[in-house]
């Protein structure tokens with residue numbers, strides 16, 4: 001399960017993601033579509049821990065992404 005609550009992210013003060021929230025349960029799939037520069041890759045980088053959200057929370061299997069080590073996340 002992945003749960004995203006009110007995440008925001010900016011590059012150099014320019015908001016790219018502003019208050020995104022969603023939940024994907026185990027076995028569910030989602031697509032991310034949008035025009036170039038709309039934040040698709042940024043969202044994926046946030047979900048994989050490459051980037052850290054300015055605010056909000058990302059939880060994977062009920063654990064805060066910020067508290068999961070890179071090594072454990074890679075599994």
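Numbering (the UniProt record's numbering), first residue to last: 1 to 75. All C-beta atoms in this analysis are idealised placements derived from N, C-alpha and C, irrespective of residue type, glycine included.
- Message: Beta-carbon within less than 7 Å of residue 16's beta-carbon, same chain only, minus the 5 sequence neighbours each way: which residues are those?
- Response: Taking the chain shown and counting its residues from 1, one reaches residue 16 at position 16. So the list reads 9, 10, 39, 42, once near-sequence residues are dropped.
- Task: Under the assumption that residue 55 contacts residue 7 (Cβ atoms under 8 Å), give the Cβ distance between them as a whole number of angstroms.
- Result: As a first step, residue 55 must be located in the chain shown, where it is residue number 55. As a first step, residue 7 must be located in the chain shown, where it is residue number 7. Sure, about 7 Å apart at Cβ, within 8 Å.
- Message: According to DSSP, simplified to helix, strand and coil, what is residue 48?
- Response: Numbered from 1 along the chain shown, position 48 holds the residue referred to as residue 48. Three-state result, residue 48: coil.
- Whose C-beta lies closer than 6 Å to the C-beta of residue 22 among residues of the same chain, with five residues either side of it excluded? The residue labelled residue 22 in the question sits at position 22 within the chain shown. 4.
- Option in 32, 62, 66 with minimal Cα separation from residue 50: Here residue 50 is taken as the residue at index 50 of the chain shown, counted from 1. For the residues 32, 62, 66, the minimum Cα distance to residue 50 belongs to 66.
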